[in-house]
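These notes are about the structure you will find just below.
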Ligand code: 13P
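In the working numbering, the protein residues as written are 14 to 272.
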């Protein structure tokens, strides 16, 4: 059974000081919550300090991106081994904001996924359709195209370890979340594809999480869908109380799905 997984993507929010204050507060408030994987993805500058702050708490830290080379003359870039050494255990790759605003392609996503595994970082690979693609009825074919390219060359073992985040672009930062039915359809499709391409074990182990306007009050409906294993939370993760409510709700719903 997959442990529920809730990650906070802080995007370009929070200074080091603010990030550490949040991490300490969350560590204290979440100390009795077990059987849920909690991940904080701060801006690069705060990765090291947040990893220090949550040490020995069960809360893990993720980078929001990386560059695939180990080191070199790549001004502004951060490599997978650097993130790992700073205390990150995971890394978000291929977020739609990186694709749309910074020229990320499926080819660069794939290189980054391989670089992450090589440095012992768990990739959280983001996929999702635009509103135009959904309106044209192309949601599932867009997911197929992204997944085929983004996961190219991975072994079944690697796919079993990674996290796929289904984030419909039209739901990100808009307050308009996917309906539970829309999420269920996409997640079920992703799981089926993983099963066909990488085998039953990999598909059963891989976490498929939902992102896009997850809020405390819509978490239960989204998380109750069979193939939704957790959430990647943007705006609502900036506030400790709201994020903790999402974590607790995900935990409760996952426990009820098991019975
Ligand atoms: P919002 O929760 O702000 O819609 O952002 C979702 C997201 O992009 C998480 O990666």
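Every residue, glycine too, gets a C-beta built ideally from N, C-alpha and C.
Does the segment 193 to 204 come close enough to the segment 221 to 230 to have 3 or more Cβ pairs within less than 8 Å? yes
Starting from residue 122, trace the alpha helix (DSSP H) in both directions and tell me its first and last residue. 119 to 131
Which residues bound the beta strand (DSSP E) around residue 50? 50 to 54
Tell me whether residue 114 is buried or exposed, calling it buried when 16 or more other Cβ atoms sit within 10 Å of its Cβ. exposed
Proximity test, residue 180 beta-carbon vs the ligand 13P heavy atom, cut-off 7 Å: yes
State the DSSP-derived secondary structure class of residue 41, mapped to helix, strand or coil. helix
At the level of alpha carbons, what is the spacing between residue 89 and residue 83? 13 Å
For residue 124, which residues of its own chain have a beta-carbon under 7 Å away from its beta-carbon, when the five flanking residues on both sides are left out? 81
Just to confirm before moving on: does the CB-CB distance between residue 310 and residue 65 stay below 8 Å? The displayed coordinates of the chain run from 14 to 272. Any statement about residue 310 would go beyond what the structure contains.
If we call anything under 8 Å between Cβ atoms a contact, is residue 76 one with residue 91? yes
Extent of the continuous alpha helix (DSSP H) run through residue 245: No alpha helix (DSSP H) holds residue 245; the beta strand (DSSP E) holding it covers 243 to 246.
What are the boundary residues of the alpha helix (DSSP H) that includes residue 176? Element bounds for residue 176: not the alpha helix (DSSP H) but the beta strand (DSSP E), 176 to 179.
Euclidean distance between Cα positions of residue 209 and residue 166: 15 Å
Among residues of its own chain, excluding the 5 on either side of residue 40, which ones have a beta-carbon nearer than 8 Å to its beta-carbon? 66, 67, 70 and 72
Whose CB is closer than 6 Å to a heavy atom of the ligand 13P? List the residues in chain order. 22, 108, 180, 185, 186, 224, 225, 226, 227, 245, 246, 247, 248 and 249
Cβ-based neighbour list, residue 248, same chain, cut-off 7 Å, excluding 5 preceding and 5 following: 186
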